[in-house]
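Chain order of the listed sequences is A and B.
Heads up, the first sequence is in the UniProt record's numbering, so the first residue is 1 and it goes up one at a time.
Heads up, the second sequence is in the UniProt record's numbering, so the first residue is 1 and it goes up one at a time.
All C-beta atoms in this analysis are idealised placements derived from N, C-alpha and C, irrespective of residue type, glycine included.
Small disclaimer: the values here were computed from a predicted structure and weren't measured.
Have a look at the structure below, then the notes.
Protein chains: 2
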Amino acid sequence: MLGEETPLEVAIIGGGIVGLMLANGLIRQQVKVKVYEQAQSFREIGAGMAFTANATRCMELIDPAILAAFRSSGSVATSNGDAQDPNDYLRWIDGYNRHYTDDPYYQRMLYKIDAGYKGFEGCRRDQFLEALVKIIPPGVVECKKRLDKLGQKGMEEKILMEFCDGTSAEADAVIGCDGIKSRVREILFGQGNPASYPHYTHKVAYRGLIPMEKAIQALGEYKARNQHNHIGPNAHLIHYPVANQTMINATAFISDSEDWTDDKQMVVPASRHVVEDAFAGWSPCVRALASLLPEKLDKWAVFDVWDYPAPFYNRGKICLAGDAAHASSPHHGAGACMGVEDALCLSNLMIQVSESIRKDAAIKGRALSVAFETFDAVRRGRTQWLVNSSRRVCDLYQQPEWADETRWVKAETCFEEIKDRSLKIWHFGYYGMLEETIQGYRQRLKLLQVAPNGHG
Amino acid sequence: MLGEETPLEVAIIGGGIVGLMLANGLIRQQVKVKVYEQAQSFREIGAGMAFTANATRCMELIDPAILAAFRSSGSVATSNGDAQDPNDYLRWIDGYNRHYTDDPYYQRMLYKIDAGYKGFEGCRRDQFLEALVKIIPPGVVECKKRLDKLGQKGMEEKILMEFCDGTSAEADAVIGCDGIKSRVREILFGQGNPASYPHYTHKVAYRGLIPMEKAIQALGEYKARNQHNHIGPNAHLIHYPVANQTMINATAFISDSEDWTDDKQMVVPASRHVVEDAFAGWSPCVRALASLLPEKLDKWAVFDVWDYPAPFYNRGKICLAGDAAHASSPHHGAGACMGVEDALCLSNLMIQVSESIRKDAAIKGRALSVAFETFDAVRRGRTQWLVNSSRRVCDLYQQPEWADETRWVKAETCFEEIKDRSLKIWHFGYYGMLEETIQGYRQRLKLLQVAPNGHG
């Protein structure tokens, strides 16, 4: 059926991971899809990304070809599991205190959560994107198309998209997958509205790669070869092995009470000494690791939509998904996973819409609008929770109590909550979501059809 | 078998709800139990209490006689369910804002969670205690016994309890169920140690009963007859019908930035005007309700163990349970439910200990110690989470953002978290807990018996 004329035309704004996954999912449902991407090259920042086992199952449900593309792009389990225990773990370790004067390098393990076998799979973002583009038919993705305006007239009329290059296009529905700086979001909520933009989380991140043998000298073999999150007052440092255990990827997150003045420039050059200063009073292991970072680093301002979340994810036949809807700080490592769940929800909604249209072509616009309202109802709670939760766990990692011996017990009581929050992400009931989605869509459509001013 | 000589003697300090439930559970396991209670009368404060459906199932598992006592004490479902929808709900309503100028009495419903049929059952504390005492054989509860000292010598020797009246007694193990001001806790952690005492949560509560017809005038019929939690900046007011719908019980919780200077006196007299002042800018419904409170009220300082939680719940054969271990603020309404879960865990541990002793009477002390270590491992995470979570939901109810129209959307994103936290309490897997308890006990005992300096 692929390529055959279909009555449903959907435009996706943004050719990132979520936009391309969704495009794949819709094409599989015989929806006519166009993806408009403003750029052709992808920035190095955020170059590595990981998906939970749960999110990879969602990928497969959208389209088995997506999972195949992910695996072909060189995805690897992030654990260093051995035959005895091949599972992935998240580990939190005391990065601040020296518990024994005779062994200053000793760091107390605070908590560990078992994420299961292949609990996380990591990949390089650019390689995954490349693999995703390969499975999309030619002509679907149009690059160098920066969205300028959207015109939504009558419910049963096409939406007009105007691009910054003066061209325009039409579609039955528009899904904004255009990331944290989403133009679709700005159009929906209005220029100047704080809900249109991400805001500073008052955390900065510094990321660097460190050769494995040097990391082992600083941390010891076990810590270097396995994911660890060194936590302490007002900062934390997380690292895991990459590149087939030849390097570790280390990221320091540091609290910043100042404002971030330049909203356009979220990444600025910085020097290693700033990181070394921030960890000055910390465990010698953490200090040794900080000293191994490259001398010139990027300082990355962490932005999210926590302060002013979206009041709704759709208006009529225009919808937001992925970071455009719910850009999160990275402390759960699950921002992209939420986008995968979004794409799964939306592709299943489009199956429903296609079915509705087959029965009655005249309700296309209302069916699409009802689909997006259902998406909003099903997805907004969980995804905005993730934004809040990511902030919350960062606050818990960076509790000032870690620096106060009399408050250590208090600080450690946070891990029950951190476990619950992690499990809510990892053990997501996607079949339950799909059931809720389909039922929600059908109920809303029925209500619309029996309403006195509806057709049907 | 009841009353027959058994080899196991356990003393319970404190004859509150948890202590008496536990006594029942242990007696059912043929354990020789003594309960030492410092007083005979019970204070009016905290006079009403409610248990989740989950906690009533735990009661039944400890001893069906406990549930029967609860029901016989006049417990009633707290809902006002009708034939169409008999379920219990928690409801959060905007207590602060006037959304329509032409209808100042309109209050927006913010969120609702379905707690199921008979989701909560309420009773009067004094009546439940009386019913519990009735099912305990005579001679088990000794009143006017205020604990002074505990002496724990060798692991296989008896523990000596010395009381303030100069008398003393011995037991194989001591379980402190002596509430928020626990003496057993103070003995375990040491006088002057902040972990020995509860601390001020910086919230004060004012409670009063209001006749139903007056409440209906203030709130309207539906709100008056059903539980509602009116939330807003730095305060909230919760009410539900009592006394067969003839009255409502209203409690106002108000933030207090000051310290509470008198640790001995947690309840002081106050006047209604303080409450009226605190809600001065609020919805006319909330103000009307506040004006119906009795003119003379008790001001109750809310204390908990959030600041300095217990580093452990047992030392050898001395153990803490219920509020003595984890006194919480009341914002989940689940403090007593945690104590019921504790009692269920401990009674099942005593079955294990009795079995161990039947095989080898010489390991009694170590078996008890292992049982309490298992209790600590199984129960500390969840119960300290509850203390934190109760603080957290209060902070969410009292977000300053409720008073800032541009932040309402942000404030409302809290409910996904509040739902998760409520479900964690309501849907507790007690069979899973018992399995973990029994396995944990057996593993620890095994380790002890194969250890080089152990016997076995």
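Alpha-carbon spacing of B/Ser-283 relative to B/Arg-108, whole angstroms: On the second sequence, residue 283 of chain B is found 283 positions in, with the first residue counted as 1. On the second sequence, residue 108 of chain B is found 108 positions in, with the first residue counted as 1. Rounded to whole angstroms, B/Ser-283 to B/Arg-108 spans 11 Å at the Cα level.
Could you please give me the residues that DSSP links to A/Val-174 through a beta bridge? The sequence position of residue 174 of chain A within the first sequence is 174, counting from 1. Answer by DSSP bridge pairing, in chain order: A/Ala-11, A/Ile-318.
Does A/Gln-443 come within less than 8 Å of chain B when only Cβ atoms are used? The residue labelled residue 443 of chain A in the question sits at position 443 within the first sequence. Not an interface residue.
Going along chain B in order, which residues have a C-beta closer than 8 Å to the C-beta of A/Glu-436? As a first step, residue 436 of chain A is located in the first sequence; it is residue number 436 there, counting from the start. What A/Glu-436 touches in chain B: nothing, since even the nearest Cβ is about 14 Å away.
Determine whether the beta carbon atoms of A/Glu-170 and A/Lys-158 lie at a separation below 8 Å. Here residue 170 of chain A refers to the residue found at position 170 when the first sequence is read from its first residue. Here residue 158 of chain A refers to the residue found at position 158 when the first sequence is read from its first residue. Yes; because the gap between Cβ atoms is below 8 Å, this pair is in contact.
For B/Thr-167, is the classification buried or exposed, using 16 other Cβ atoms within 10 angstroms of its Cβ as the cut-off for buried? In the second sequence, residue 167 of chain B corresponds to position 167, counting from 1. Of the other Cβ atoms in all chains shown, fewer than 16 fall within 10 Å of the Cβ of B/Thr-167; this residue is therefore exposed.
Indicate whether the contact test is met: 3 or more Cβ pairs, each with one atom in the segment 60 to 72 of chain A and one in the segment 199 to 218 of chain A, closer than 8 Å. Look at the beta carbons and you see the segment 60 to 72 of chain A not touching the segment 199 to 218 of chain A: under three pairs across the two are nearer than 8 Å.
Note the first and the last residue of the continuous beta strand (DSSP E) segment covering B/Arg-421. Start at 1 with the first residue of the second sequence, and residue 421 of chain B comes out as number 421. Segment 415 to 426 is the alpha helix (DSSP H) holding B/Arg-421; no beta strand (DSSP E) there.
Simplified DSSP assignment, three categories, for B/Ser-75: Here residue 75 of chain B refers to the residue found at position 75 of the second sequence. The answer is coil: DSSP assigns B/Ser-75 none of H, G, I, E or B.
Round the Cβ separation of B/Ile-113 and B/Ala-23 to the nearest angstrom and send it over; I've been treating them as touching at under 8 Å. For the purposes of this step, residue 113 of chain B is taken as residue 113 along the second sequence, with counting starting at 1. For the purposes of this step, residue 23 of chain B is taken as residue 23 along the second sequence, with counting starting at 1. The C-beta distance from B/Ile-113 to B/Ala-23 rounds to 34 Å, too long to fall under 8 Å, and the pair is not in contact.
Hey, out of B/Tyr-308, B/Ala-55, B/Ala-343, B/Asp-304, whose CA is closest to B/Leu-320's CA? Within the second sequence, numbered from 1, the residue matching residue 320 of chain B stands at position 320. If we check each option's Cα against that of B/Leu-320, B/Ala-343 comes out closest.
By the DSSP assignment, the alpha helix (DSSP H) with A/Gln-384 in it spans what residues? Reading the first sequence from its first residue, position 384 is the one you call residue 384 of chain A. For A/Gln-384, the enclosing alpha helix (DSSP H) covers residues 364 to 397.
Buried or exposed by the 16-neighbour rule on C-beta atoms within 10 Å, applied to A/Glu-295: To locate residue 295 of chain A, count along the first sequence from 1; it is residue 295. Burial check for A/Glu-295: the Cβ neighbour count within 10 Å stays below 16, so the residue is exposed.
Residues of the segment 180 to 203 of chain A whose Cβ lies closer than 8 Å to any Cβ of chain B, in chain order: Cβ proximity to chain B below 8 Å picks out Pro-194, Ala-195 from the segment 180 to 203 of chain A.
In whole angstroms, what is the alpha-carbon distance linking B/Val-31 and B/Val-184? Along the second sequence, one-based indexing puts residue 31 of chain B at 31. Along the second sequence, one-based indexing puts residue 184 of chain B at 184. Rounded to whole angstroms, B/Val-31 to B/Val-184 spans 21 Å at the Cα level.
Please list, in chain order, all residues of the same chain as B/Gly-333 whose beta carbon is under 7 Å from its beta carbon, the five residues on each side excluded. Taking the first residue of the second sequence as 1, we reach residue 333 of chain B at position 333. Apart from the 5 residues on each side of it in sequence, B/Gly-333 sits with its Cβ closer than 7 Å to the Cβ of Ala-50 in its chain, given in chain order.
Evaluate B/Leu-297 with the Cβ neighbour count: other Cβ atoms within 10 Å of its Cβ, from every protein chain shown; 16 or more gives buried, anything less gives exposed. As a working note, residue 297 of chain B is residue 297 in the second sequence. Counting the other CB atoms within 10 Å of its CB gives B/Leu-297 a total of 16 or more, which places it among the buried residues.
Beta strand (DSSP E) segment containing residue 465 of chain B, residue limits: Residue 465 of chain B cannot be examined here, being either before or after the span of chain B that is shown, 1 to 456.
Along the segment 406 to 421 of chain B, what residues have a CB closer than 8 Å to any CB found in chain A? From the segment 406 to 421 of chain B, only Thr-406, Arg-407, Val-409, Lys-410, Thr-413, Cys-414, Phe-415, Glu-416, Glu-417, Asp-420 have a Cβ closer than 8 Å to chain A.
Can you name the residues of chain A whose CB is closer than 8 Å to the CB of B/Pro-400? Here residue 400 of chain B is taken as the residue at index 400 of the second sequence, counted from 1. By Cβ distance, chain A contributes nothing, its closest Cβ being about 13 Å from B/Pro-400, past 8 Å.
Residues in the segment 298 to 314 of chain B having any Cβ partner in chain A nearer than 8 Å: Residues of the segment 298 to 314 of chain B that bring their beta carbon within less than 8 Å of a beta carbon in chain A comprise Trp-306, Asp-307, Tyr-308, Pro-309, Ala-310, Pro-311, in sequence order.
Whole-angstrom distance between A/Asp-178 and A/Ala-235, CA atom to CA atom: Stepping through the first sequence from its first residue, residue 235 of chain A is reached at position 235. Stepping through the first sequence from its first residue, residue 178 of chain A is reached at position 178. For A/Ala-235 and A/Asp-178, the distance between alpha carbons rounds to 30 Å.
Counting only beta-carbon atoms, is A/Ile-384 nearer than 8 Å to chain B? Translated into positions along the first sequence, residue 384 of chain A becomes position 384. Note on identity: in this sequence residue 384 of chain A is Gln, with Ile being the wrong assignment. Yes, contact with chain B.
Own chain, CB closer than 6 Å to B/Phe-312, minus 5 neighbours either side, in chain order: Taking the first residue of the second sequence as position 1, residue 312 of chain B is located at position 312. Hits under 6 Å: Asp-376.
For the candidate residues A/Thr-52, A/Ile-66, A/Glu-162, A/Lys-410, whose alpha-carbon lies nearest to that of residue 474 of chain A? Residue 474 of chain A is absent from the model: chain A starts at 1 and stops at 456.
Use the C-beta contact count for B/Asn-244: other C-beta atoms within 10 angstroms, 16 or more gives buried, fewer gives exposed. Residue mapping note: residue 244 of chain B aligns to position 244 of the second sequence, counting from 1. Exposed is the call here.
Flag B/Lys-424 as yes if its beta-carbon sits less than 8 Å from any beta-carbon of chain A, otherwise no. Counting from 1 along the second sequence, the entry for residue 424 of chain B is found at position 424. Proximity of B/Lys-424 to chain A, defined by a Cβ-Cβ separation below 8 Å, is satisfied.
Which whole-angstrom value describes the C-beta separation of A/Val-340 and A/Tyr-441, a residue pair presumed to lie in contact below a C-beta threshold of 8 Å? For the purposes of this step, residue 340 of chain A is identified with residue 340 of the first sequence, where counting begins at 1. For the purposes of this step, residue 441 of chain A is identified with residue 441 of the first sequence, where counting begins at 1. Rounded, the Cβ-Cβ distance is 20 Å, inconsistent with contact.
Can you list, in chain order, the residues of its chain with a C-beta nearer than 7 Å to that of A/Arg-444? Leave out the 5 residues immediately preceding and following it. If you number the first sequence from 1, residue 444 of chain A lands on position 444. Cβ neighbours of A/Arg-444 beyond the five flanking positions: Val-370, Glu-373, Thr-374.
Closer than 8 Å is the cut-off here; do at least three beta carbon pairs connect the segment 422 to 439 of chain B with the segment 353 to 369 of chain B? Not touching, per the Cβ criterion.
CB contact flag (A/Ile-318, A/Leu-448, <8 Å): Walking along the first sequence from the start, residue 318 of chain A turns up at place 318. Walking along the first sequence from the start, residue 448 of chain A turns up at place 448. Taking 8 Å as the Cβ cut-off, A/Ile-318 and A/Leu-448 do not qualify as a contacting pair.
Leaving out five residues before and five after B/Ser-73 in sequence, what residues of the same chain have Cβ atoms less than 6 Å from its Cβ? Counting from one through the second sequence, the residue named residue 73 of chain B turns up at place 73. Here B/Ser-73 has Cys-123, Gln-127, Phe-128, Ala-131 as same chain residues with Cβ atoms under 6 Å from its own Cβ, once five neighbours each way along the sequence are excluded.
Neighbouring residues, chain A, relative to B/Gly-440 (Cβ below 8 Å): Walking along the second sequence from the start, residue 440 of chain B turns up at place 440. Those do not exist, as B/Gly-440 stays about 17 Å from chain A at its closest Cβ, beyond 8 Å.
By the 10 Å Cβ neighbour count, where 16 or more other Cβ atoms means buried, how is A/Ala-411 classified, buried or exposed? Stepping through the first sequence from its first residue, residue 411 of chain A is reached at position 411. A/Ala-411 comes out buried.
So, using beta-carbon positions, are B/Ile-248 and B/His-239 closer together than 8 Å? As a position in the second sequence, residue 248 of chain B is number 248, starting the count at 1. As a position in the second sequence, residue 239 of chain B is number 239, starting the count at 1. Yes, these two residues count as a Cβ contact at 8 Å.
Which same chain residues, not among the five before or five after B/Gln-399, have their C-beta less than 6 Å away from its C-beta? Within the second sequence, the letter at position 399 stands for residue 399 of chain B. Cβ-Cβ distances below 6 Å link B/Gln-399 to Ala-411 in the same chain, with the five nearest sequence neighbours on each side left out; the list follows chain order.
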